[in-house]
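A.B. asks: Take this structure first; my questions come after.
In our numbering, the protein residues as written are 6 to 179.
This is how it looks when you write it as structure tokens:
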């Protein structure tokens, strides 16, 4: 690979890292072809780009991006997973493969909106509910006060009617 093609790769990866919401690094040593294919398919389904990239070129591409804090983790065979949409779904897939008892796929680190994540933080991110579930919970929380207010307003006339009926019954009894 000549210098110009390397420069093109670095420029392309720099652009991807600039647009990324989250970037994750992993060591894939010892994975079988079947496992790697399965991982790639699941990541593709979660809208995640998964590439094996030369460490020195990735280090150059990360300069000036939010992924720059990952530089110390660029040692040994490194795969990079980049997501532009939902970091939680990417973390879910990566954590699932990292939990394999054979330990062939090992998470190294990640970056979410410029903040460096260690392996425990990536796993905690993977345990979050999906974006859709969080939005539904938020909408339910926003709707609850309005529903309660309507219930209180509906109860006022019936309370007034019951009070008037009690007064009428009390006067009729005297």
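Where a beta carbon is used, it is the ideal one built from N, C-alpha and C, also for glycine.
CB-CB under 6 Å to residue 103, same chain, minus the five flanking residues each way: which ones, in chain order?
C.D. replies: Cβ within range, chain order: 110 and 112.
A.B. asks: How about residue 92 and residue 142: do their beta carbons lie closer than 8 Å?
C.D. replies: No, the Cβ-Cβ distance between residue 92 and residue 142 is not below 8 Å.
A.B. asks: Roughly how many angstroms lie between the CA atoms of residue 20 and residue 132, to the nearest whole one?
C.D. replies: Straight-line Cα distance between these residues: approximately 29 Å.
A.B. asks: In the DSSP assignment, find the unbroken alpha helix (DSSP H) run with residue 101 in it and report its ends.
C.D. replies: Looking at the DSSP string, the run of the alpha helix (DSSP H) that includes residue 101 is 92 to 103.
A.B. asks: For a minimum of 4 consecutive residues, which ranges assigned as the alpha helix (DSSP H) are wholly contained in the stretch 49 to 96?
C.D. replies: Listed in chain order, they are 60 to 67.
A.B. asks: Keeping to the same chain, check which residues put their C-beta closer than 6 Å to that of residue 127; ignore five residues upstream and five downstream.
C.D. replies: The residues are 96, 112 and 115.
A.B. asks: Name, in chain order, the residues that DSSP records as bridge partners for residue 170.
C.D. replies: Its beta-bridge partners do not exist; DSSP assigns none.
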